[in-house]
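Numbering (this note's numbering), first residue to last: 4 to 386.
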């Protein structure tokens, strides 16, 4: 191993005691210390079908340091989900048969359970809300739940997916839903399902949805455990709060490199595939998380961080962390969340005109407007 002149002895001593590092990082019981601090309380809420699927996957892969909650108007779907807590909203409104694709119904159903949500979020520090935009429950309930969490002082991060192109009728609803959630949450990370085609072009659509579920679940797991568990370079709650307070729309970039392929070219491939097709060079914040095996060096991690953040403004607030996982030996994963991204139309110019309609609805009703009659929204679900 080559080292700078005069550093050899320090390196040798460090290597001699390197086996002590894991012991030093273990969290040991110390009542004196425990009385002076507490770990941040993190809650992950999945709204509607897509959100429930993410919660189910998150529970299956396991997550340390977070409570999981599944919320739905569809009792059948909810009963099949694994979650720390399940909440069937709008029982008197939908009879457990779903929102029929009407966000107004999802919103009203969540409003009926607002007191319950506020009780749950009483001592929450960080709340992730995941949902698919374009349907009824996720689109309608997510902003209400975000507002309830914010009212209790939590930092609220939305992680939402957009419709596939084949679901074109849902796109205007999704655009409205994203804007509505953006106004209630601190930051909303938008993931375009269509961008998955760059990664898994030949998968059937049902399996493509599964990839998005896995991506969101792994992202939340990685961030949560880097906050609550010992890491090579820790992210703490204050770090996440600082970046997410940048507010607005956020873009996520993710990629993996195997073996020795940790070059600038490999990192550029990550940059070439953001999961939302907007310009993020004007981002005001960046939360960067690197996962690697025991062979991940500090130089590797720093080079990745520098390459990823090169594209954004020098004034942007950048915070990064790194974690070692045994199952990542020989490979590395980069996750970057760019916050404070400005984009007039998230899903394209054709749906941007819905913004004025949304503004008018908010100004007129303070909510999404009139809830459809029960017969209007339940017939599709029954059929």
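Think of the CB as a built atom: it goes at the ideal place given N, C-alpha and C, for glycine as much as any other residue.
Predicted, not measured: the structure shown is a model, and the values here were computed from it.
Check                                                                                                                                                            : Outcome
On the DSSP letters alone, give me the boundaries of the beta strand (DSSP E) that residue 292 sits inside.                                                      : 288–295
Rounded to the nearest angstrom, how far is the Cβ of residue 270 from that of residue 310, given a contact under 8 Å?                                           : 4 Å
Using a threshold of 7 Å, state whether the C-beta atoms of residue 97 and residue 136 are closer than that.                                                     : no
Out of curiosity, what's the CA-to-CA distance linking residue 107 and residue 153?                                                                              : 21 Å
Return the Cβ separation of residue 292 and residue 338 in integer angstroms, given the expectation that the two are a contact with Cβ distance under 8 Å.       : 5 Å
How is residue 118 classed by DSSP in three states: helix, strand or coil?                                                                                       : helix
List the whole-angstrom C-beta distance separating residue 91 from residue 55, where the pair is believed to meet the contact cut-off of C-beta under 8 Å.       : With a Cβ gap of about 11 Å, residue 91 and residue 55 do not count as contacting.
Rounded to whole angstroms, what is the Cα-Cα separation between residue 177 and residue 167?                                                                    : 11 Å
Have a look at 344, 298, 45, 116 and flag the residue whose alpha-carbon is nearest the alpha-carbon of residue 330.                                             : 298
What residue range does the alpha helix (DSSP H) around residue 255 cover?                                                                                       : Per DSSP, residue 255 belongs to no alpha helix (DSSP H); it is in the beta strand (DSSP E), 251–261.
What's the C-alpha gap between residue 41 and residue 57?                                                                                                        : 27 Å
What residues match up with residue 164 in a beta bridge as DSSP calls it?                                                                                       : 135, 194
If you run the structure through DSSP and keep just helix, strand and coil, what is residue 55?                                                                  : helix
Tell me the rounded alpha-carbon separation between residue 232 and residue 172.                                                                                 : 43 Å
What residue range does the alpha helix (DSSP H) around residue 303 cover?                                                                                       : 301–312
Does residue 98 come out as helix, strand or coil in the three-state DSSP assignment?                                                                            : coil
The alpha helix (DSSP H) with residue 142 in it runs from where to where?                                                                                        : 140–154
Take the Cβ of residue 64 as the centre, count every other Cβ of all protein chains shown within 10 Å, and call the residue buried at 16 or more, exposed below. : exposed
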